[in-house]
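Peer 1:
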Amino acid sequence: MNETMVQSQPVVASASAPEKLLTVENVTLSFGGVRALSDVSFDIRKSEIRAIIGPNGAGKTSMLNCINGFYHPQAGRITFKGKMRQRMRPYDAALQGIARTFQNVALFKGMTTLDNILTGRTLKMHRSFFWHLFRHGPAMNEEIEHRKYCEEIIDFLEIEHIRKTPVGRLPYGLQKRVELGRALAMQPDLLLLDEPMAGMNLEEKEDMCRFILDVNRQFGTTIALIEHDMGVVMDISDRVVVLEYGHKIADGSPDEVKADQRVIDAYLGVSH
Amino acid sequence: MFYREAGQFKTSYAADMAIFPILQDRIGLAVILAIAFIAIPLFGSNFLIQTVMIPFLVFALAAIGLNILTGYTGLISLGSGAFMGVGAYACYKLTTIFPGVNIIVWILASGFFAAAIGVVFGLPSLRIKGFYLTVATLAAQFFLQWSFVRIPWLYNYNASGAIEVPQRLLAGIPVTGANATPVTRYLVLLSIVILLTWIASNLVHGRIGRSWMAVRDMDIAAELMGIRLLPAKLLSFAVSSFYCGVAGACMMFLWYGGGEANDAFNINQSFTILFMVIIGGLGSIIGSYFGAAFISILPTALKFGLPAMGIALSGPVAEHLNYIILGVLILFFLIVEPHGLARLWQVGKQKLRVWPFPY
Ligand SMILES: Nc1ncnc2c1ncn2[C@@H]1O[C@H](COP(=O)(O)OP(=O)(O)OP(=O)(O)O)[C@@H](O)[C@H]1O
Ligand SMILES: [Mg+2]
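Protein sequences appear in the order of chains X and Y. In terms of the working numbering, the first sequence is residues 1 to 272. In terms of the working numbering, the second sequence is residues 1 to 359.
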């Protein structure tokens, strides 16, 4: 019954239409017999917060993995900053300005908070191996310059006190925060967040929401986030895309999506 | 009490990023260097220098090398002995072909040959990880050791089948060969080891070291940060093998004074260095020193120290005791404290810093 809303997705581009940062067209991904994504299309506009929601196993993480080059869809096209991409590697995604966090924190456990965040600056550092042999002059100046940048992120995320703690020893909530910091250090154009608030208590969630909104507003960073907490999704996102069993079942503003019968069915577990 | 950082405020990032940010550490380092460069050459006996200090320094250098690969980059190698051999044989060939060039230049240059061979044997790390990569390094160990024995050109067709270290001078003083005194060889070795330690410490504290550790801790995330995995791993193989190669050249030219690969650069040597890294502390430069000191000095301490203290101990018993102690310690550190002696050292310093309070 809500076919119209779903079908109306391919918006006719007009001069006034908001700029699209990323377009996903008819992406299909399968693992052997398992269809993780079938014919999914949506777009992400510049400077918006785009939520991707859906029940467990819907294909949300797989979608992010396609966007940053971990998975290569069997069919469909992904266009980022106006450029269509063929089989690219995560390294290329990083080079193009895509950063992400992982559903199950993927920090460098043996390194300190500061070193983790500094690692996010890798692509911005250019001093050669030769200068690093001496850790003086140009290499040291570069280190200091990036240290300053990372300290700003540390201030922003309020994690000064754990600057020199190996992240493996931090509680989960703080690890998630450090992982966000590491992604921010890349100064990405598109930030992909896979369940940034999973396993957090209310207070931590509120902090995280604040950080995400601040990043979006202060730096204009485009954000795509996966989240299960509906309250959070409805509060902070500009537009929402809903996946179920690898199919896109709805796409629109939070209010539109909330009212969609297929979304309600999917979440209440009505069989089709 | 004396070990406090109270009142030492860091006013710049450069000061905070120094490798020894605490004043007492810097004083301690200066004292150690003074002992090593002045007191030991002046007052140390030939026995102390030849049997304790020189082996310790050679192993410390090799352990730093392996620690870069295994401790910092997370790639376990069983080929360190062979890479040391590459350095030794390269140095031997270079100094016999170009006898006019200073031997210290050749000792350092031999590291580049080891680095190149290390990169070749590191190439499989593109495809394989963990256990299988370790097996590939084991293959390197056997292949290279075989080459050292079977290619007579490498040992200049000596009838003994071994390297015979020629005499080489530095400012008119013999540095290698039968006439070089232990003190001279010790001072040359010490200078090389200090220089290379400083460089290793610079590397691991900057972007390069972070990229190695990132690869070790979570390679998929590392790639996402823009670290290319293969170049990072190969660089680690190269630097690590460079250190092992120089250590091997030092072992032959400044310690053994000659010898054969089957004795000096065999699989046991590879294991010894791996144990040094494990006991000393994975991913720690200072730990490499602790591990090397412990393992290279323990046999001497048991053999000569205990009898000197009045505990009679026959040679074979001392040797067995050595293996038992090592075995137990390796198990202990693997299970209880993977960061080894270096971690115990840090914990000790932390206790001292807050003394007399428990926290
Ligand atoms: N590497 C893989 N190999 C095989 N199957 C996979 C792989 N990755 C994902 N899948 C399958 O694809 C489907 C979608 O998984 P995905 O992780 O994208 O779901 P999700 O929406 O992120 O779920 P969750 O909310 O639980 O995180 C699942 O059926 C999963 O089993
Ligand atoms: Mg998921």
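Even for Gly, the Cβ is constructed at its ideal location relative to N, Cα and C.
Start and end of the alpha helix (DSSP H) containing residue 174(Y)?
Peer 2: Within the second sequence, the letter at position 174 stands for residue 174(Y). That residue, residue 174(Y), is in no alpha helix (DSSP H); its beta strand (DSSP E) goes 173 to 176.
Peer 1: Which two residues bound the contiguous alpha helix (DSSP H) that contains residue 58(Y)?
Peer 2: Taking the second sequence and counting its residues from 1, the one referred to as residue 58(Y) is at position 58. Segment 54 to 66, the alpha helix (DSSP H) holding residue 58(Y).
Peer 1: Helix, strand or coil: how does DSSP classify residue 11(Y) here?
Peer 2: Locating residue 11(Y) in the second sequence gives position 11, where the first residue counts as 1. Of the three classes helix, strand and coil, the one that applies to residue 11(Y) here is coil, per DSSP.
Peer 1: Specify the secondary structure class of residue 192(X) as computed by DSSP and reduced to three states.
Peer 2: Within the first sequence, residue 192(X) is the residue found at index 192, counting from 1. Strand, per DSSP.
Peer 1: For the structure I just gave you, are there three or more beta carbon pairs, one from the segment 31 to 39 of chain Y and one from the segment 161 to 176 of chain Y, closer than 8 Å?
Peer 2: no
Peer 1: Using a Cβ cut-off of 9 Å, pull out every chain X residue sitting near residue 214(Y), in sequence order please.
Peer 2: Here residue 214(Y) refers to the residue found at position 214 when the second sequence is read from its first residue. Under the 9 Å cutoff, chain X gives 108, 111, 115, 116, 119, 122.
Peer 1: What residues from chain X crowd round residue 285(Y), counting only those whose CB sits closer than 9 Å?
Peer 2: On the second sequence, position 285 is the one that residue 285(Y) refers to. Here the premise fails: no neighbours, minimum Cβ distance about 13 Å.
Peer 1: Please state whether the Cβ-Cβ distance between residue 75(X) and residue 245(X) is less than 8 Å.
Peer 2: By one-based count along the first sequence, residue 75(X) stands at place 75. By one-based count along the first sequence, residue 245(X) stands at place 245. Contact flag unset, no.
Peer 1: Are residue 283(Y) and residue 72(Y) closer than 8 Å when you measure CB to CB?
Peer 2: Counted from its first residue, the second sequence places residue 283(Y) at position 283. Counted from its first residue, the second sequence places residue 72(Y) at position 72. For residue 283(Y) and residue 72(Y), yes; Cβs fall inside 8 Å.
Peer 1: Go through the segment 73 to 130 of chain X residue by residue and report every complete run of the alpha helix (DSSP H) that reaches 4 residues or more, in order.
Peer 2: As far as the segment 73 to 130 of chain X is concerned, its whole alpha helix (DSSP H) runs of at least 4 residues are 90 to 96, 113 to 119.
Peer 1: Using the Cβ count rule (16 or more neighbours within 10 Å means buried), how would you classify residue 182(Y)?
Peer 2: Stepping through the second sequence from its first residue, residue 182(Y) is reached at position 182. Burial call: buried.
Peer 1: Would residue 148(X) be called buried (16 or more neighbouring beta carbons within 10 Å of its own) or exposed?
Peer 2: In the first sequence, counting from the first residue as 1, residue 148(X) sits at position 148. Under this definition residue 148(X) is an exposed residue.
Peer 1: For a contact defined as C-beta to C-beta under 7 Å, what are the partners of residue 67(Y) on chain X?
Peer 2: The sequence position of residue 67(Y) within the second sequence is 67, counting from 1. The premise fails here: residue 67(Y) is roughly 13 Å from chain X at the closest Cβ pair, so nothing lies under 7 Å.
Peer 1: Unbroken beta strand (DSSP E) runs of length 3 or more, entirely within the segment 10 to 75 of chain X: which are they?
Peer 2: 20 to 31, 34 to 45, 49 to 53
Peer 1: Identify the continuous beta strand (DSSP E) that holds residue 159(Y) and give its terminal residues.
Peer 2: Stepping through the second sequence from its first residue, residue 159(Y) is reached at position 159. Residue 159(Y) -> no beta strand (DSSP E), and no H or E assigned at all.
Peer 1: May I ask you to report which of helix, strand or coil DSSP gives residue 214(Y)?
Peer 2: Sequence index remark: in the second sequence, residue 214(Y) carries index 214 (1-based). DSSP places residue 214(Y) within a helical segment (H, G or I) once states are collapsed to three.
Peer 1: Among the residues of its own chain, which have a CB less than 6 Å from the CB of residue 264(X), if the five just before and after it don't count?
Peer 2: In the first sequence, residue 264(X) corresponds to position 264, counting from 1. Nothing listed; no residue qualifies.
Peer 1: Is there contact between the segment 206 to 213 of chain Y and the segment 114 to 121 of chain X, where contact requires at least three CB pairs shorter than 8 Å?
Peer 2: Output reads yes: the segment 114 to 121 of chain X touches the segment 206 to 213 of chain Y.
Peer 1: Looking at the unbroken alpha helix (DSSP H) that takes in residue 240(X), where does it start and where does it end?
Peer 2: The residue you call residue 240(X) lines up with position 240 of the first sequence. Going by DSSP, residue 240(X) is part of no alpha helix (DSSP H) but of the beta strand (DSSP E) stretching over 239 to 244.
Peer 1: Measuring CB atoms only, is the segment 204 to 218 of chain X touching the segment 136 to 153 of chain X, in the sense that at least three cross pairs come out at less than 8 Å?
Peer 2: no
Peer 1: Mind listing which residues of the segment 155 to 169 of chain Y have their C-beta closer than 9 Å to chain X's C-betas, in chain order?
Peer 2: none
Peer 1: Quick one: which chain X residues come within Cβ less than 8 Å of residue 14(Y)?
Peer 2: Here the question's residue 14(Y) lines up with position 14 in the second sequence. Ordered by position in chain X, the residues that pass the 8 Å Cβ test against residue 14(Y) are 140, 144.
Peer 1: Taking 6 Å as the limit, name every residue whose beta carbon sits nearer than that to some heavy atom of ligand 1, in sequence order.
Peer 2: 31(X), 34(X), 36(X), 54(X), 56(X), 57(X), 58(X), 59(X), 60(X), 61(X), 62(X), 103(X)
Peer 1: Which residue from 90(Y), 169(Y), 52(Y) puts its Cα closest to that of residue 103(Y)?
Peer 2: Residue 103(Y) sits at position 103 when you count from the first residue of the second sequence. Nearest option by C-alpha distance: 169(Y).
Peer 1: Do we get a CB-CB distance below 8 Å when we pair residue 130(Y) with the residues of chain X?
Peer 2: In the second sequence, counting from the first residue as 1, residue 130(Y) sits at position 130. Taking Cβ atoms only, chain X never reaches closer than 8 Å to residue 130(Y), which makes this a no.
Peer 1: Measuring alpha carbon to alpha carbon, tell me which of 79(Y), 16(Y), 43(Y) ends up nearest residue 271(Y).
Peer 2: The count along the second sequence starts at 1 and reaches residue 271(Y) at position 271. For residue 271(Y), the nearest C-alpha among the options comes from 79(Y).
Peer 1: Roughly how many angstroms lie between the CA atoms of residue 253(X) and residue 123(Y), to the nearest whole one?
Peer 2: Residue numbering aside, residue 253(X) sits at position 253 when the first sequence is read from its first letter. Residue numbering aside, residue 123(Y) sits at position 123 when the second sequence is read from its first letter. For residue 253(X) and residue 123(Y), the gap between their C-alpha atoms comes out near 50 Å.
Peer 1: Would you report the Cα separation of residue 326(Y) and residue 182(X), rounded to the nearest angstrom?
Peer 2: Counting from 1 along the second sequence, the entry for residue 326(Y) is found at position 326. Counting from 1 along the first sequence, the entry for residue 182(X) is found at position 182. Their backbone Cα atoms lie some 41 Å apart in a straight line.
Peer 1: Are any of the Cβ atoms in chain Y nearer than 8 Å to that of residue 135(X)?
Peer 2: Residue numbering aside, residue 135(X) sits at position 135 when the first sequence is read from its first letter. With 8 Å as the cut-off, residue 135(X) counts as an interface residue toward chain Y.
Peer 1: Does the Cβ-Cβ distance between residue 63(Y) and residue 288(Y) come in under 8 Å?
Peer 2: What you label residue 63(Y) is simply residue 63 of the second sequence in a count that begins at 1. What you label residue 288(Y) is simply residue 288 of the second sequence in a count that begins at 1. In this structure, residue 288(Y) lies closer than 8 Å to residue 63(Y) by Cβ.
Peer 1: Rounded to whole angstroms, what is the Cα-Cα separation between residue 14(X) and residue 118(Y)?
Peer 2: Locating residue 14(X) in the first sequence gives position 14, counting from the first residue. Locating residue 118(Y) in the second sequence gives position 118, counting from the first residue. Low local confidence applies: a pLDDT of 46 at residue 14(X) is under 50, so the model's placement there is unreliable, with the coordinate-based value given in what follows. Answer to the nearest angstrom: the Cα atoms are 58 Å apart.
Peer 1: How about residue 249(X) and residue 242(X): are their beta carbons less than 8 Å apart?
Peer 2: The residue labelled residue 249(X) in the question sits at position 249 within the first sequence. The residue labelled residue 242(X) in the question sits at position 242 within the first sequence. Yes, they are a contact pair.
Peer 1: Looking at residue 189(Y): is its Cβ nearer than 8 Å to the Cβ of residue 250(Y)?
Peer 2: Along the second sequence, read from residue 1 onward, the residue named residue 189(Y) stands at position 189. Along the second sequence, read from residue 1 onward, the residue named residue 250(Y) stands at position 250. In this structure, the beta-carbon distance from residue 189(Y) to residue 250(Y) falls below 8 Å.
Peer 1: Please confirm whether residue 95(X) has its beta-carbon closer than 8 Å to some beta-carbon of chain Y.
Peer 2: Residue mapping note: residue 95(X) aligns to position 95 of the first sequence, counting from 1. Yes, because at least one Cβ of chain Y sits closer than 8 Å to the Cβ of residue 95(X).
Peer 1: When you compare each of 165(Y), 58(Y), 261(Y), 273(Y) to residue 66(Y) by their alpha carbons, which one comes out closest?
Peer 2: Taking the second sequence and counting its residues from 1, one reaches residue 66(Y) at position 66. With distances taken between Cα atoms, residue 66(Y) lies closest to 273(Y).
Peer 1: Using a threshold of 7 Å, is the CB atom of residue 220(Y) nearer than that to any non-hydrogen atom of ligand 2?
Peer 2: Residue 220(Y) sits at position 220 when you count from the first residue of the second sequence. Residue 220(Y) Cβ: outside cutoff for every heavy atom of ligand 2.
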